[in-house]
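If you read the sequence shown in the working numbering, its first letter stands for residue 1, the second for the next number, and so on. Virtual Cβ for every residue (Gly too), placed ideally from N, Cα, C. Bear in mind the structure is a predicted one, so any value in this text is a computation, not a measurement.
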Amino acid sequence: METFVIIKPDAIRRGLIGNIIKRFEQKGLTILRIELRLKSRAWCALHYSSPDLNSQIYHRLKEVMTRQPLIGIVLEGEKAVTVLRRMIGATDSTQAWPGTIRGDFGTLPVHENLIHASDSEDIVEQEAKYFFDPRTDC
Ligand code: IDP
Ligand code: MG
């Protein structure tokens, strides 16, 4: 099974790329694709189209996710979607368990929580397609 992950700008700024990728390797996940891309606002609207996000949060997220490059990764492994969600931890880093990426490295504000991982199997392909589509680059 595959899942889709984004290393967010705050993680890149803090020099955490190596730490995060090491965890994927240690867990036995395979990196199928990895690219640094500066994404557009149009991409952000596609990626965060969930109606659950309130507009204020979305607005801040859009600024953060489109100002600096992101690292998009396709990972493969048994139950990769579930495994990744467990490895990243709760959305609010202050609530995330130690041992998770957000729990070990995350701070506030909540929207700068280092990493994205697909919520469900149904959206993995779509999220990867949007991210790697050159038409959604900045
Ligand atoms: P997830 O990344 O853990 O799946 P989602 O609920 O899908 O969390 O929200 C997408 C992103 O929106 C989060 O990763 C975070 O950056 C931001 N976000 C979600 N809820 C909040 C909040 O209450 N305050 C600030 N940012 C939030
Ligand atoms: Mg989500």
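Mind checking which residues open and close the alpha helix (DSSP H) that includes residue i?
i: Val124; result: 121-132
i: Ala11; result: 9-13
i: Gln95; result: Here Gln95 belongs to no alpha helix (DSSP H), and DSSP marks it neither H nor E.
i: Arg23; result: 17-26
According to DSSP, is residue i part of a helix, a strand, or is it coil?
i: Arg33; result: strand
i: Thr100; result: strand
i: Thr3; result: strand
Kindly indicate the opening and closing residues of the beta strand (DSSP E) around residue i.
i: His116; result: 115-117
Would the beta-carbon of residue i be found less than 8 angstroms away from any heavy atom of the ligand MG?
i: Asp10; result: no
i: His111; result: no
i: Ser50; result: yes
Let me check you understand the geometry: is the CB of residue i closer than 8 angstroms to at least one non-hydrogen atom of the ligand IDP?
i: Arg67; result: no
i: His116; result: yes
Inset, instruction - Any chance you could list the beta strand (DSSP E) runs of at least 3 consecutive residues sitting entirely within the segment 38-87, in chain order? - result: Taking only runs of at least 3 residues, the beta strand (DSSP E) segments lying wholly in the segment 38-87 are 70-76.
Legend entry - At least 3 beta-carbon pairs within less than 8 angstroms: the segment 15-31 vs the segment 44-53: Flag = no, the segment 15-31 and the segment 44-53 do not touch.
Inset, instruction - Inspect the CB distances between the segment 58-76 and the segment 99-106 and report whether three or more fall short of 8 angstroms. - result: No, they do not touch.
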